[in-house]
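Engineer:
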DNA sequence: AATTAGTTCGAACGATCGTTCGAAATTGCC
DNA sequence: GGCAATTTCGAACGATCGTTCGAACTAATT
């Protein structure tokens with residue numbers, strides 16, 4: 001019995017000297033996660049079989065189970081890592097920026113940049129949001145809630161700074177809709193890059209929310 | 218062999234005297250489609266088994282195959298009917314309205330009203346957009362393209378009427394994102410009704426797109 | 001009542017699903 | 001080289017998948 005609980009051991013003191021040494025185990029696991037993400041993206045979580053994942057990653061069917069104990073846990077690992085990374089990146093980018101509108105624009109840019117740079121992972125995150133059962137689901141839901149909360153706070157800041165009046169909930173969910181829907185249509189050969197799309201979507205959303213005169217209440 | 222190609226016979230001269238007589242066959246098929254929609258909504262197309270559908274609809278597993286020849290065809294029937302209905306409803310509502318902004322608002326209201334009134338069907342339509350294979354997929358894609366095209370035309374009209382400049386493609390896809398994302402969050406016990414949401418989303422989107430001064434180009 | 005057409009079902013088909021297990025292969029260490 | 005720990009794999013498990021088939025049931029027609 002190699003490890004009591006696979007894919008749980010905390011990557012053995014990673015980043016000791018900045019240039020990520022990382023265990024052989026960790027590297028192999030990351031490879032598998034990457035391939036699995038691609039397959040889940042293409043065929044969906046339910047539609048992808050463990051044998052599909054085996055073929056794509058070049059490892060035997062049984063070999064996969066050395067790295068995680070179930071298909072569901074694999075999805076969980078992908079979702080948790082993806083979501084954690086995007087939240088962490090956002091926090092770093094927001095540091096030191098105080099202008100409310102600028103902060104919202106950073107949120108949008110961060111989201112879209114990561115989305116387009118990791119399209120497969122983000123599609124799996126968006127599209128398979130309900131695939132996990134109770135235990136795994138709640139952990140991912142917690143990160144999601146944190147991310148949602150950050151966006152709510154950004155918009156509330158903007159509201160109070162400019163004395164605006166709109167439903168924060170509806171605004172946040174509309175913004176997420178605009179951004180997340182991108183996995184259904186974005187074509188790198190036709191559409192602009194993340195920065196351009198972020199600017200245009202930011203224009204639409206911010207102008208839409210930052211009511212300049214007209215409309216009394 | 219009852220019928221050469223099940224679920225294809227054109228519902229035997231329906232609507233002869235307005236009050237939809239409809240064959241026994243047609244009524245039963247519609248019932249099954251309703252139950253199947255619910256199951257696909259809850260468990261996803263791949264995640265739902267024919268035995269799930271059998272249980273939910275109260276008909277034996279084999280009995281289902283009297284009404285359609287495959288699980289995929291069942292999904293096709295649901296998607297095609299749902300999409301056709303929403304397009305048809307939209308066309309009716311747009312008749313006689315000439316103001317460009319009003320027409321866009323009708324589009325939004327029609328979409329959201331149908332979405333919330335037929336949440337399960339619309340989720341299956343949005344979420345399982347890639348589940349169909351070549352043959353079935355292209356037919357649904359054709360209706361989707363028509364619907365998309367209508368929205369593009371509405372926005373182009375608005376653009377030329379007011380001399381605006383924005384990417385129609387991005388605007389349309391952002392709008393669809395805002396609206397379609399609703400299946401991930403709408404809670405009838407918390408959120409407002411379709412008309413209110415349509416108004417608020419319409420405000421955000423239209424104000425965002427109808428640039429009033431500022432920003433030279 | 002008898003005959004036909006339309007509808008439903010139990011039972012089974014082969015295929016594929018996620019997962020397990022013990023043995024083989026590989027690696028890191030002395 | 002030899003030994004132990006780590007990593008990989010072939011083969012199989014029972015369960016469940018979508019689908020089929022012929023018999024049984026019900027409804028409509030004569």
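Protein chains in written order, with my numbering: chain A, 1 to 217; chain B, 218 to 434.
We put the CB at the ideal spot given by N, CA and C, even for glycine.
I want to see whether chain B comes within less than 9 angstroms of residue 70/A, judged by CB atoms only; does it?
Structural biologist: Residue mapping note: residue 70/A aligns to position 70 of the first chain, counting from 1. No, residue 70/A does not count as interfacial toward chain B.
Engineer: Taking the alpha carbon of residue 128/A as the point to measure from, which residue in 136/A, 199/A, 44/A has its own alpha carbon closest?
Structural biologist: If you number the first chain from 1, residue 128/A lands on position 128. With distances taken between Cα atoms, residue 128/A lies closest to 44/A.
Engineer: Out of 40/A, 188/A, 106/A, 208/A, which has the shortest C-alpha to C-alpha gap to residue 167/A?
Structural biologist: Residue 167/A sits at position 167 when you count from the first residue of the first chain. For residue 167/A, the nearest C-alpha among the options comes from 208/A.
Engineer: With DSSP as the reference, label residue 395/B as helix, strand or coil.
Structural biologist: Numbered from 1 along the second chain, position 178 holds the residue referred to as residue 395/B. Three-state result, residue 395/B: helix.
Engineer: Given residue 324/B, which residues of its chain have a CB within under 8 angstroms of its CB, disregarding the five upstream and five downstream residues?
Structural biologist: By 1-based counting over the second chain, the position of residue 324/B is 107. Here the set comprises 307, 311, 367, 368, 371.
Engineer: Alpha carbon to alpha carbon, what distance is there between residue 399/B and residue 419/B?
Structural biologist: Mapped onto the second chain, residue 419/B falls at position 202. Mapped onto the second chain, residue 399/B falls at position 182. Distance between the alpha carbons of residue 419/B and residue 399/B is about 14 angstroms.
Engineer: Within 9 angstroms of any Cβ in chain B, is that where the Cβ of residue 142/A sits?
Structural biologist: Taking the first chain and counting its residues from 1, one reaches residue 142/A at position 142. False, the Cβ-Cβ gap to chain B never drops below 9 angstroms.
Engineer: Closer than 8 angstroms, Cβ to Cβ, to anything on chain A: give me those residues from the stretch 411–428 of chain B, in chain order.
Structural biologist: Answer in chain order: 414, 417, 418, 420, 421, 422, 423, 424, 425, 426, 428.
Engineer: Of all the alpha helix (DSSP H) runs that stay within the bounds of the stretch 239–300 of chain B, which reach a length of 4 or more residues?
Structural biologist: For the stretch 239–300 of chain B, whole alpha helix (DSSP H) runs of length 4 or above, ordered along the chain, are 241–260, 267–274, 278–281.
Engineer: According to the Cβ coordinates, are residue 285/B and residue 337/B closer than 9 angstroms?
Structural biologist: Walking along the second chain from the start, residue 285/B turns up at place 68. Walking along the second chain from the start, residue 337/B turns up at place 120. In this structure, residue 337/B does not lie closer than 9 angstroms to residue 285/B by Cβ.
Engineer: By the criterion of Cβ-Cβ separation under 7 angstroms, what are the contact partners of residue 317/B in chain A?
Structural biologist: Taking the first residue of the second chain as position 1, residue 317/B is located at position 100. Within chain A, no residue comes near residue 317/B; the closest Cβ sits about 17 angstroms away, beyond 7 angstroms.
Engineer: Give the range of the alpha helix (DSSP H) segment to which residue 95/A is assigned.
Structural biologist: Numbered from 1 along the first chain, position 95 holds the residue referred to as residue 95/A. Neither: residue 95/A is in no alpha helix (DSSP H) and is coded neither H nor E.
Engineer: Taking Cβ-Cβ distances below 9 angstroms as the criterion, which residues of the stretch 176–192 of chain A are in contact with chain B?
Structural biologist: Result list: 176, 177, 178, 179, 180, 181, 182, 184, 185, 186, 190, 191, 192.
Engineer: Could you compute how far the alpha carbon of residue 117/A sits from the alpha carbon of residue 86/A?
Structural biologist: Taking the first chain and counting its residues from 1, one reaches residue 117/A at position 117. Taking the first chain and counting its residues from 1, one reaches residue 86/A at position 86. Approximately 11 angstroms between the Cα atoms of the pair.
Engineer: Tell me, please, whether the CB atom of residue 170/A is closer than 9 angstroms to any CB atom in chain B?
Structural biologist: Stepping through the first chain from its first residue, residue 170/A is reached at position 170. Yes, because at least one Cβ of chain B sits closer than 9 angstroms to the Cβ of residue 170/A.
Engineer: So with Cβ pairs under 9 angstroms, would you call residue 146/A a contact of chain B?
Structural biologist: Translated into positions along the first chain, residue 146/A becomes position 146. Residue 146/A does not count as touching chain B.
Engineer: What residue from 172/A, 180/A, 170/A has the CA that sits closest to residue 391/B's CA?
Structural biologist: Here residue 391/B refers to the residue found at position 174 of the second chain. Ranking 172/A, 180/A, 170/A by Cα distance to residue 391/B puts 180/A first.
Engineer: Closer than 9 angstroms, CB to CB, is residue 337/B near chain A or not?
Structural biologist: For the purposes of this step, residue 337/B is taken as the residue at position 120 of the second chain. No, because no Cβ of chain A sits closer than 9 angstroms to the Cβ of residue 337/B.
Engineer: For chain B, find out if any of its Cβ atoms is closer than 9 angstroms to the Cβ of residue 56/A; answer yes or no.
Structural biologist: By 1-based counting over the first chain, the position of residue 56/A is 56. Not one chain B Cβ lies under 9 angstroms of residue 56/A.
Engineer: Can you give the beta carbon distance from residue 395/B to residue 178/A, rounded, assuming they're within the 8 angstroms contact cut?
Structural biologist: Taking the first residue of the second chain as 1, we reach residue 395/B at position 178. Taking the first residue of the first chain as 1, we reach residue 178/A at position 178. Confirmed, about 5 angstroms.
Engineer: Where does residue 348/B sit, in a helix, a strand or coil, going by DSSP?
Structural biologist: Counting from one through the second chain, the residue named residue 348/B turns up at place 131. DSSP places residue 348/B in coil when its eight states are reduced to three.
Engineer: Just tell me which of 275/B, 289/B, 281/B has its CA closest to the CA of residue 264/B.
Structural biologist: One-based indexing of the second chain puts residue 264/B at position 47. Answer by Cα proximity: 289/B.
Engineer: Taking residue 360/B as the reference, give the member of 305/B, 277/B, 245/B with the closest Cα.
Structural biologist: As a first step, residue 360/B is located in the second chain; it is residue number 143 there, counting from the start. Nearest C-alpha to residue 360/B: 305/B.
Engineer: In angstroms, rounded to a whole number, what distance separates the CA positions of residue 35/A and residue 381/B?
Structural biologist: The sequence position of residue 35/A within the first chain is 35, counting from 1. The sequence position of residue 381/B within the second chain is 164, counting from 1. Cα to Cα, the separation comes out at about 44 angstroms.
Engineer: Might you give, ordered along the chain, the residues of its own chain that have their beta carbon closer than 8 angstroms to the beta carbon of residue 159/A, omitting 5 neighbours on each side?
Structural biologist: Here residue 159/A refers to the residue found at position 159 of the first chain. Excluding positions up to five away in sequence, the list reads 165, 166, 168.
Engineer: From residue 133/A to residue 410/B, what does the alpha carbon distance come to, in whole angstroms?
Structural biologist: Taking the first residue of the first chain as position 1, residue 133/A is located at position 133. Taking the first residue of the second chain as position 1, residue 410/B is located at position 193. Between residue 133/A and residue 410/B, the C-alpha separation is close to 30 angstroms.
Engineer: Does the beta carbon of residue 107/A sit closer than 9 angstroms to a beta carbon anywhere in chain B?
Structural biologist: Stepping through the first chain from its first residue, residue 107/A is reached at position 107. Closer than 9 angstroms: no.
Engineer: Pull up the distance between the alpha-carbon of residue 428/B and that of residue 206/A, whole angstroms please.
Structural biologist: One-based indexing of the second chain puts residue 428/B at position 211. One-based indexing of the first chain puts residue 206/A at position 206. Taking the straight line joining both Cα atoms gives about 11 angstroms.
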